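Visitor: Just passing along the structure, written as structure tokens.
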Amino acid sequence: MPGERQLAHEREGTPVPDSRTESPPVIRRTEVVVISLVGLLVICIIVGLYLAKAFFLPITMAFIIGTMLSPAANFLERFRIPRAVAAVVIVAAVSAAAAFMVGLIASPAMEWSSKLPELGARLKDKLHVFDRPLAFWQEMQSTLGGPDTLTTFQLPKMEWVQPTLEFLSPTFAEFLLFIATLILFIASWRELRRALIMNFGEREWRLRTLRILNEIEEHLGNYLLVVTTINVGVGIATGLICAVTGMPNPAGLGALAAILNFIPIIGPVAMFAVLVVVGLVAFPTISAGLLASAMFAVMTFLEGHFLTPTIVGHRLALNALAVFLALAFWTWLWGPMGAFLSSPLLIVALIVKEHLMPPDSPQLPED
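This note's numbering puts the first residue of the sequence shown at 1, with every later residue one more than the last.
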């Protein structure tokens, strides 16, 4: 009977073909199992990446940076330079530039570290100006029934310095793994591309894989070039600000600003804190000590809200929320190096998503 067929279809969870109104979608038990298994797989992958950070972080950095530097190896190959030699030359040049930047920072850092007790006492004396506001705040807390915890402004202890340095600096084995993988990756990138493409039997999937790899290489290369140019400009501008305001060692502070600016959001905030501390220690008054940090804040605000979005936005449409969430996730997972890799990994994910789920796929109906 027609009524019995309709009841049977409703029990199976499928809409009746000849019904005028569509039935709501029914989540079946198999779909719940699939979603649960996918969720467990994602959790296992995240846990594996976290626990095996010493292996996966250098390998991932080598793959990402090697993809960024592949256009330079292609350029050197046009002059009949073997790709293996080009890989060694490129890695040596990048390492020399990084060593030069670190050298500009290391000399004043070593000098300041030897004077930490004296500088700490000087900074503490200058921050006594905050004793009166803190006393007023304590009085308000006691009036409102809050705990009396703030008496005077105290500097934090220096026990965090050694754990922080151990967290920021990779081990020798991780650095050696990164350098070796980077050179071998750049030298064998063409063969790796060909092997990855030929793994697919159908011509359509081979072409799609080729387009994905080409776009990843192009976008990451452009990202490295643009971001490096912007960060060098930020370093030069910071050095000029420090020189104009009379800050000590403007070259080292400019190099530090350029390096930290590779880490989105966290880098500029850390550089602002460094300028505040150095200015308060180096100048007799608080207003003079905060001048360089205030000018740096204005400069980074203009760079972060107008310059970088204008230049990078034309090349890559990155959503601000996606960038922030990627930064938070990879920083939690792998620390500062994860923060550096967050934007390139997001670019790779967006490119893969655009090719595997193209815009002409079924979309939601408009309201």
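Glycine included, each C-beta is placed from N, C-alpha and C at the ideal position.
Computed from a prediction, not measured in an experiment: that's the story for all the values here.
Just how far apart, CA to CA, sit residue 55 and residue 334?
Guide: For this step, residue 55 is matched to residue 55 along the sequence shown. For this step, residue 334 is matched to residue 334 along the sequence shown. Using only the alpha carbons, I get a separation of about 11 Å.
Visitor: Taking the alpha carbon of residue 257 as the reference point, which residue from 353, 50, 296 has its own alpha carbon closest?
Guide: Position 257 of the sequence shown, counted from the start, is the residue given in the question as residue 257. Selected option, being the one with the closest Cα: 296.
Visitor: Looking at residue 327 and residue 265, is the spacing between their C-beta atoms short of 9 Å?
Guide: As a working note, residue 265 is residue 265 in the sequence shown. As a working note, residue 327 is residue 327 in the sequence shown. Yes, the Cβ-Cβ distance between residue 265 and residue 327 is below 9 Å.
Visitor: What number of angstroms, rounded off, separates the C-alpha of residue 341 from the C-alpha of residue 330?
Guide: The residue you call residue 341 lines up with position 341 of the sequence shown. The residue you call residue 330 lines up with position 330 of the sequence shown. Within the model, the alpha-carbon separation for residue 341 versus residue 330 is close to 8 Å.
Visitor: What's the C-alpha gap between residue 292 and residue 241?
Guide: For the purposes of this step, residue 292 is taken as residue 292 along the sequence shown, with counting starting at 1. For the purposes of this step, residue 241 is taken as residue 241 along the sequence shown, with counting starting at 1. When rounded, the distance between both Cα atoms is 6 Å.
Visitor: Three-state secondary structure (DSSP) at residue 74?
Guide: Taking the first residue of the sequence shown as position 1, residue 74 is located at position 74. Looking at residue 74 - three-state DSSP - the assignment turns out to be helix.
Visitor: I need the straight-line Cα distance from residue 320 to residue 79, nearest angstrom please.
Guide: What you label residue 320 is simply residue 320 of the sequence shown in a count that begins at 1. What you label residue 79 is simply residue 79 of the sequence shown in a count that begins at 1. So the alpha carbons of these two residues sit roughly 41 Å apart.
Visitor: Considering just the uninterrupted stretch of the alpha helix (DSSP H) at residue 194, what are its terminal residues?
Guide: To locate residue 194, count along the sequence shown from 1; it is residue 194. 189 to 198 is the span of the alpha helix (DSSP H), which, as asked, contains residue 194.
Visitor: Just to confirm my understanding: we take residue 200, look at its own chain, exclude 5 residues before and 5 after, and list those with CB closer than 7 Å. What are they?
Guide: For this step, residue 200 is matched to residue 200 along the sequence shown. Same-chain partners within the cutoff: 206, 209.
Visitor: What residue range does the alpha helix (DSSP H) around residue 351 cover?
Guide: In the sequence shown, counting from the first residue as 1, residue 351 sits at position 351. Residue 351 -> alpha helix (DSSP H) spans 336 to 356.
Visitor: Counting only the same chain and skipping the five closest in sequence on each side, list residues whose C-beta sits under 6 Å from that of residue 177.
Guide: Taking the sequence shown and counting its residues from 1, the one referred to as residue 177 is at position 177. The residues are 58.
Visitor: Tell me, please, whether the region 60 to 76 touches the region 185 to 201 by the rule of three or more beta-carbon pairs shorter than 8 Å.
Guide: Touching, yes.
Visitor: Could you pull the start and end residues of the alpha helix (DSSP H) that residue 283 belongs to?
Guide: Here residue 283 refers to the residue found at position 283 when the sequence shown is read from its first residue. Taken as a continuous stretch (DSSP letters only), residue 283 belongs to no alpha helix (DSSP H), as it is neither H nor E.
Visitor: Is the CB-CB distance between residue 238 and residue 288 below 9 Å?
Guide: Position 238 of the sequence shown, counting from 1, holds the residue named residue 238. Position 288 of the sequence shown, counting from 1, holds the residue named residue 288. Against a cut-off of 9 Å, the Cβ pair of residue 288 and residue 238 comes out as no contact.
Visitor: Short of 7 Å in beta carbon distance, which residues of its chain neighbour residue 87, apart from the five on each side in sequence? Order them along the chain.
Guide: Residue numbering aside, residue 87 sits at position 87 when the sequence shown is read from its first letter. Here the set comprises 73, 183, 186, 187.
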